[in-house]
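Asks: Residue numbers 5 to 351, in the numbering used here, belong to the letters of the sequence shown in order. Virtual Cβ for every residue (Gly too), placed ideally from N, Cα, C.
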Amino acid sequence: MKKSKGILAAGILGAAAIVVKKKLEAEPVRKHLIPRHWDEQEIKERMQSFTEELATGDEEGIGSFFLGKEGKHFNPLKGQELTFLETHFLSLFKVKGNSDNNLRGLISYRVATAKKEYTYLIKVARLNVGEKLEWYIQKVVQQDRGIKYPNQYLLQLTPIRPHEELCQIETDAGTITMRLFQQDAPKAVKNWRGLAKQGFYDGTPFARVIKDFVIQGGALDGSGNEAESIYGGYFEDEVDEGLYHFDGAVCLGNHGPNTNGNQFYIVERNHVDQEQLYRMNLPLKVRSHYEAVGGIPELDGRYTVFGQVIEGMAVVREIADQVTNEEDAPLNPIRIQKITFKKASQS
């Protein structure tokens, strides 16, 4: 097998690299350190560069680390379209008797191709080489063979079917049109349809609005009607892995697990918190859509998503732009006039 040339690009050649490796394996460490935010930032930037270098597929171009024989572990990634997901220190140590800020650590590294996500546990060293600080991968302690992404069928991204039932919320600011996902949130959709046809929401305000977060309606805390539903009280969550808090998602508010009534909210965020997004173990297709349209992934798995706005997001944003008090209540709330249902056209 051809030996990796990655070590040549980093500035230590031949026998010198062997000496460095033996020194790293033999040296004692002094104590465990708590990684500082600049340590975490440095390793993040280093691994992002490493990911880009792997994607080029050129062994001589991998200069972020001294790889040595450990480079073989990254062969499945070379030359592929890669997405850097996350890295952080699991442990960090200071070298005994060394004053050059040389560090040793154990890091996790997550990276994805279009079809799989890979996780590595890597032992690394930061070396003071002359006037430069260089990094060396001592050992890949553990790696998986790549977890395949499922063929993720995202209902919120599917085309509208001919004669699909759509819901229209007519407000003082205009009309919001949304899809309902009866197959994956049947109890929530049945409750919404039932209450709407009874006129429950007619004349009620969007009583809580938070710009770049949500607009919320229904019987809010303290009204005494929070539990009202067609089921005679609170009903259970329908948290489905195929429905997500993308921008424009329509969801049920609650007071904790399985306390759904008539409260609802519409997500209003056309961007995403990247740090939160990459902390979550989401399929690449889902993560990519969050990056494209925005949303609140940190709410996934906690609240029932039962619909998606398809027209009228400008109305949602106008409602979210209202002036509010300290409790996020609008000073002049926009109200729901009525809720109606119609069939989608065939065209």
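In chain order, what residues of the same chain have a beta carbon less than 7 Å from the beta carbon of E322, not counting five sequence neighbours either side?
Replies: Sequence index remark: in the sequence shown, residue 322 carries index 318 (1-based). Contacts found: A177.
Asks: What does DSSP give as the partner residue(s) for F93 in the beta ladder?
Replies: On the sequence shown, position 89 is the one that residue 93 refers to. Beta-bridge annotation (DSSP): F93 is paired with I111.
Asks: CA-CA distance, R197 and R291?
Replies: Counting from 1 along the sequence shown, the entry for residue 197 is found at position 193. Counting from 1 along the sequence shown, the entry for residue 291 is found at position 287. Distance between the alpha carbons of R197 and R291 is about 30 Å.
Asks: Is the separation between the beta-carbon of I300 and that of V271 shorter than 7 Å?
Replies: Taking the sequence shown and counting its residues from 1, one reaches residue 300 at position 296. Taking the sequence shown and counting its residues from 1, one reaches residue 271 at position 267. It is a contact, given that the beta carbons lie within the stated cut-off.
Asks: Quick one: give me the first and last residue of the beta strand (DSSP E) that N132 is part of.
Replies: As a working mapping, residue 132 is identified with position 128 in the sequence shown. N132 -> beta strand (DSSP E) spans 120–133.
Asks: Hey, F88 and T60: beta-carbon distance below 7 Å or not?
Replies: Here residue 88 is taken as the residue at index 84 of the sequence shown, counted from 1. Here residue 60 is taken as the residue at index 56 of the sequence shown, counted from 1. No; because the gap between Cβ atoms is not below 7 Å, this pair is not in contact.
Asks: Can you tell which of G150, N195, Q267, Q142 has the C-alpha that lies nearest to the C-alpha of A118?
Replies: The residue labelled residue 118 in the question sits at position 114 within the sequence shown. If we check each option's Cα against that of A118, G150 comes out closest.
Asks: In terms of alpha-carbon separation, which member of E46, V254, I126, I219 lies closest to L170?
Replies: Numbered from 1 along the sequence shown, position 166 holds the residue referred to as residue 170. Ranking the options by Cα distance to L170, first place goes to V254.
Asks: Applying the 10 Å Cβ sphere with the 16-neighbour rule, what's the burial state of S376?
Replies: This structure cannot speak to residue 376, because the chain is shown only from 5 to 351.
Asks: Please state whether DSSP places R183 in a helix, a strand or coil.
Replies: Mapped onto the sequence shown, residue 183 falls at position 179. In the structure shown, R183 adopts extended strand secondary structure according to DSSP, grouped into three states.
Asks: Can you give me the C-alpha to C-alpha distance between Y282 and D304, rounded to a whole angstrom?
Replies: Counting from 1 along the sequence shown, the entry for residue 282 is found at position 278. Counting from 1 along the sequence shown, the entry for residue 304 is found at position 300. Cα to Cα, the separation comes out at about 14 Å.
Asks: Threshold first: 3 residues or longer. Then list the beta strand (DSSP E) segments lying entirely within the region 165–250, N to C.
Replies: 169–175, 178–184, 212–214, 218–221
Asks: Just to check my reading of the structure: T308 and E245 have Cβ atoms closer than 8 Å, yes? What is that Cβ distance to the nearest angstrom?
Replies: Against the sequence shown, residue 308 aligns to sequence position 304. Against the sequence shown, residue 245 aligns to sequence position 241. With a Cβ gap of about 12 Å, T308 and E245 do not count as contacting.
Asks: Which residues bound the alpha helix (DSSP H) around V327?
Replies: Counting from one through the sequence shown, the residue named residue 327 turns up at place 323. Counting along the chain, V327 falls outside any alpha helix (DSSP H), and DSSP gives it neither H nor E.
Asks: Output the distance between the C-alpha atoms of D188 and K152, rounded to the nearest integer angstrom.
Replies: For the purposes of this step, residue 188 is identified with residue 184 of the sequence shown, where counting begins at 1. For the purposes of this step, residue 152 is identified with residue 148 of the sequence shown, where counting begins at 1. Their Cα atoms are separated by approximately 24 Å.
Asks: Considering only residues of the same chain and omitting the five flanking positions on each side of H369, which have a CB-CB separation below 6 Å?
Replies: Past the boundaries of the shown model lies residue 369; the chain is included only from 5 to 351, so the question cannot be answered.
Asks: Tell me whether V290, by its Cβ, gets closer than 6 Å to a heavy atom of the ligand PLP.
Replies: Questions concerning the ligand PLP fall outside what the structure shown contains, since it holds no ligand whatsoever.
Asks: Check this for me: beta carbons of Y205 and I38, under 7 Å apart or not?
Replies: Along the sequence shown, read from residue 1 onward, the residue named residue 205 stands at position 201. Along the sequence shown, read from residue 1 onward, the residue named residue 38 stands at position 34. No, the Cβ-Cβ distance between Y205 and I38 is not below 7 Å.
Asks: If you check the beta carbons only, do V218 and F310 fall under 7 Å apart?
Replies: Taking the first residue of the sequence shown as position 1, residue 218 is located at position 214. Taking the first residue of the sequence shown as position 1, residue 310 is located at position 306. Cβ distance not < 7 Å, so V218 and F310 don't count as in contact.
Asks: E138 by DSSP, collapsed to three states: which one?
Replies: One-based indexing of the sequence shown puts residue 138 at position 134. Residue state, collapsed to three classes: strand.
Asks: Considering only DSSP beta bridges, list what Q312 is partnered with.
Replies: For the purposes of this step, residue 312 is taken as the residue at position 308 of the sequence shown. For Q312, which the question treats as bridged, DSSP gives the partners R183, A253.
Asks: Just reading off the alpha helix (DSSP H) that F345 is part of, what are its end residues?
Replies: What you label residue 345 is simply residue 341 of the sequence shown in a count that begins at 1. Run containing F345: none in the alpha helix (DSSP H); it sits in the beta strand (DSSP E), 340–347.
Asks: From what residue to what residue does the beta strand (DSSP E) around I270 run?
Replies: Position 266 of the sequence shown, counted from the first residue, corresponds to residue 270. Start and end: 264–271.
Asks: DSSP on Q84, reduced to helix/strand/coil?
Replies: Residue numbering aside, residue 84 sits at position 80 when the sequence shown is read from its first letter. Reduced to three states, the DSSP call for Q84 is coil.
Asks: Using CA coordinates, which residue listed in P337, F250, P334 is at the minimum distance from Y294?
Replies: The sequence position of residue 294 within the sequence shown is 290, counting from 1. Cα-wise, what sits closest to Y294 is F250.
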